[in-house]
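Asks: In the numbering used here, the protein residues as written are 541 to 999.
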Amino acid sequence: MKKIQKSSALYLSILCCSIGLFSGCVMNEDKPHTQIAPEKVRLADDIHLAKDGWPAARWWTHYNDPQLNALMDYAIEKAPNMTIAQIRISQAHAQAGMLGTWWMNMQVMAGGILTDGFQGWNIMANYSVDLWGKQRKQVEAAIGAKNAHVAEAAAVELELSAEIASLYYRIQMTYQLIDLLKQANEVWELALQAKQAKSINGLDAPLAINNIRAQQISIDRQIASAQGQIKEIREALRALIGSGADDMPGIKPMPLPENQANLPSELSYELLARRPDLQAMRWYVQASLSEIEAKEAAFYPSLNLAGLFIFGELEVGNLLKKSTQQSIGLPLVYLPIFDIGRLNAALDNARATRDLLIEHYNQSVLNAVREVAVSCNNLQTLETERNLQVKKLENMESLQRAAEAAYKSGLRTKVEATEARLPVILEKQSLVLIDGQRLFQEITLIKALGGGYRAEESK
């Protein structure tokens, strides 16, 4: 018993001396980089919108468009980017599970002995005790990486849904422009028929007829170009959602929805929690901090408890008899005497990785605020432009009504009354373009605000 006590005291003395010795080998750090302060996450006072609030989850359903909903559901289930994101989550989950028994590592090895007529079995057991939290910090780093992948999957879904909505409404906007071009062509066709009737009677010159036909050809070219754009956008949309040539959800013409842009009164911490990309980067920073602590713990001695158990008989019934058993137990202390340079290099690399992640995070936060500000400013500008365009359209419609009234009174010809529709159609085209731009900016703002995401820590 005294020998055991002396041996334990010796190991304890070695361990204490080693702690003091190797703790001084850790490279000190002058001034680590820090994450951006939340009070910097704010907009200028002159940027605001009429409504107040954050986007809701599945924000696209607020447009009440079954076609868009079908596209979104299809993409979330089958899009290649979503599948890749889910695979990364599974990989990270497995990595965290591999390190799950952080508190103690146990290795057991069994083998047979057959020498000089002696038959038996031996079992060697080795327990690695996590005295300084190295394995625990590695587990925390793995969990942080897993949480980052979960947030990245939400960021992929947000990116995917915003792109799908933008492409879908580009198709709808183009449908409306084609319809207006067809209306203009109808006006020119009526004018052509009237000119041709006059030309037969020698009342109108062929030059006027050729001019109308040139206008029709120009409109036909614009219609053909727009139809080609729809096909191109549909192919981009099909590739994005991962559909085949025959299972693409149908897209029929639908009116553009009214503006529903929201902007919360404050961003601050909320923006950091509602942006999945920022949350992913925050988790990567947290994982890097845990990795640094694991690297620092590697400087301290490690303690292994090793045991050898020898059984002298092969029969199962005799294995538990004391006469057939021998055991040896020994605590082993590993001192990283010759690894100090390598450990310092690994620690220095981990700190540099952390600083790089923090600076990327800080820049991403500033970029996120800028994206919100730019989208809001663009929406404000487009709102002003739309109001002016509506007034201009109303004036043109008033002139059209006056021309129709003059035709009914016999003061103007039918051709003149018909051609008065052309400026109205042209201004309607401009209004559709503005409404489309407003919708795209609204989707951009929804994306900049996180699209209804709310950070939740997973374990």
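Just so you know, even glycine gets a beta-carbon here, dropped at the ideal spot from N, CA and C.
Only a predicted model underlies this, so the values are computations on that prediction, with no experimental measurement involved.
Please determine if the segment 696-708 and the segment 932-939 are in contact, where contact requires at least 3 C-beta pairs separated by less than 8 Å.
Replies: Judged by Cβ distances under 8 Å, the segment 696-708 makes no contact with the segment 932-939, as fewer than three pairs qualify.
Asks: Assess, as a yes-or-no matter, whether the segment 689-701 is touched by the segment 826-845 under the definition of 3 or more beta carbon pairs within less than 8 Å.
Replies: With a cut-off of 8 Å, the segment 689-701 and the segment 826-845 do not count as touching, because too few Cβ pairs lie within range.
Asks: Do the segment 955-974 and the segment 879-887 touch if we need at least three Cβ pairs shorter than 8 Å?
Replies: Taking 8 Å as the limit for Cβ pairs, the verdict is that the segment 879-887 does not touch the segment 955-974.
Asks: When the Cα atoms are used, what is the spatial distance from Arg978 to Met794?
Replies: Within the sequence shown, residue 978 is the residue found at index 438, counting from 1. Within the sequence shown, residue 794 is the residue found at index 254, counting from 1. Each residue's alpha carbon lies about 17 Å from the other.
Asks: Under the three-state reduction of DSSP, which class applies to Ser949: helix, strand or coil?
Replies: Numbered from its first residue, the sequence shown carries residue 949 at position 409. It is coil, neither helix nor strand.
Asks: Please report the distance separating the alpha-carbon of His943 from that of Thr953.
Replies: Here the question's residue 943 lines up with position 403 in the sequence shown. Here the question's residue 953 lines up with position 413 in the sequence shown. Correcting the residue identity first, residue 943 is Ala in this sequence and not His. Straight-line Cα distance between these residues: approximately 9 Å.
Asks: Measure the beta-carbon distance from Ile791 to Ile711 and round it to whole angstroms, keeping in mind my assumption that it falls under 8 Å.
Replies: As a first step, residue 791 must be located in the sequence shown, where it is residue number 251. As a first step, residue 711 must be located in the sequence shown, where it is residue number 171. Correct: roughly 6 Å between the Cβ atoms.
Asks: Using DSSP with H/G/I as helix, E/B as strand and the rest coil, what is Ser842?
Replies: For the purposes of this step, residue 842 is identified with residue 302 of the sequence shown, where counting begins at 1. It is a strand residue.
Asks: Measuring alpha carbon to alpha carbon, tell me which residue in Asp888, Ala688, Glu831 is nearest Ala820.
Replies: Sequence index remark: in the sequence shown, residue 820 carries index 280 (1-based). Answer by Cα proximity: Ala688.
Asks: Using three-state DSSP, classify Trp642 as helix, strand or coil.
Replies: What you label residue 642 is simply residue 102 of the sequence shown in a count that begins at 1. Any reading at Trp642 must be qualified, since the residue scores a pLDDT of 42, below 50, and its modelled position is unreliable; no value is offered.
Asks: Using 8 Å as the cut-off, can you tell me whether the segment 979-986 makes contact with the segment 729-739, which would need three or more C-beta pairs spanning the two stretches below that distance?
Replies: Not touching, per the Cβ criterion.
Asks: Report the three-state DSSP secondary structure of Lys1028 (helix, strand or coil).
Replies: The requested residue 1028 does not occur in the structure, where the chain is confined to residues 541 to 999.
Asks: What span of residues does the alpha helix (DSSP H) with Arg822 cover, start to end?
Replies: Counting from one through the sequence shown, the residue named residue 822 turns up at place 282. Per DSSP, Arg822 belongs to the alpha helix (DSSP H) from 816-837.
Asks: Please state the DSSP three-state secondary structure of Gln575.
Replies: As a working note, residue 575 is residue 35 in the sequence shown. Here Gln575 sits in coil by DSSP.
Asks: For the alpha helix (DSSP H) containing Lys771, list its first residue and its last residue.
Replies: Counted from its first residue, the sequence shown places residue 771 at position 231. Looking at the DSSP string, the run of the alpha helix (DSSP H) that includes Lys771 is 746-781.
Asks: Find the nearest neighbour of Leu971 within the set Val690, Pro746, Thr924, judged by alpha-carbon distance.
Replies: Sequence index remark: in the sequence shown, residue 971 carries index 431 (1-based). If we check each option's Cα against that of Leu971, Thr924 comes out closest.
Asks: Using the Cα positions of Arg894 and Arg822, report the straight-line distance between them to the nearest angstrom.
Replies: As a first step, residue 894 is located in the sequence shown; it is residue number 354 there, counting from the start. As a first step, residue 822 is located in the sequence shown; it is residue number 282 there, counting from the start. Distance between the alpha carbons of Arg894 and Arg822: 11 Å.
Asks: Given a threshold of 16 other Cβ atoms within 10 Å of its Cβ, counted over all protein chains shown, does Thr714 qualify as buried or as exposed?
Replies: Translated into the one-based positions of the sequence shown, residue 714 becomes position 174. Classification for Thr714: buried.
Asks: Could you name the residues of the same chain whose beta carbon sits closer than 7 Å to that of Tyr612, not counting the 5 residues immediately before and after it, in chain order?
Replies: What you label residue 612 is simply residue 72 of the sequence shown in a count that begins at 1. Contrary to the premise, residue 612 reads as Met rather than Tyr in this sequence. Contacts found: Trp600, Ser701, Ile704.
Asks: Short check: CB of Asn725 to CB of Leu989, under 9 Å?
Replies: Residue numbering aside, residue 725 sits at position 185 when the sequence shown is read from its first letter. Residue numbering aside, residue 989 sits at position 449 when the sequence shown is read from its first letter. In this structure, Leu989 does not lie closer than 9 Å to Asn725 by Cβ.
Asks: On a CA-only basis, which of Tyr824, Arg815, Gly976 is nearest Glu699? Give me that one, please.
Replies: Translated into positions along the sequence shown, residue 699 becomes position 159. Here the closest residue by C-alpha is Arg815.
Asks: Taking C-beta to C-beta, are Leu780 and Ala619 nearer than 9 Å?
Replies: Here the question's residue 780 lines up with position 240 in the sequence shown. Here the question's residue 619 lines up with position 79 in the sequence shown. Their beta carbons are under 9 Å apart, which means Leu780 touches Ala619 by this criterion.
Asks: I want to know whether the segment 673-682 touches the segment 748-758 - three or more CB-CB distances under 8 Å.
Replies: Contact fails: fewer than three Cβ-Cβ distances are below 8 Å.
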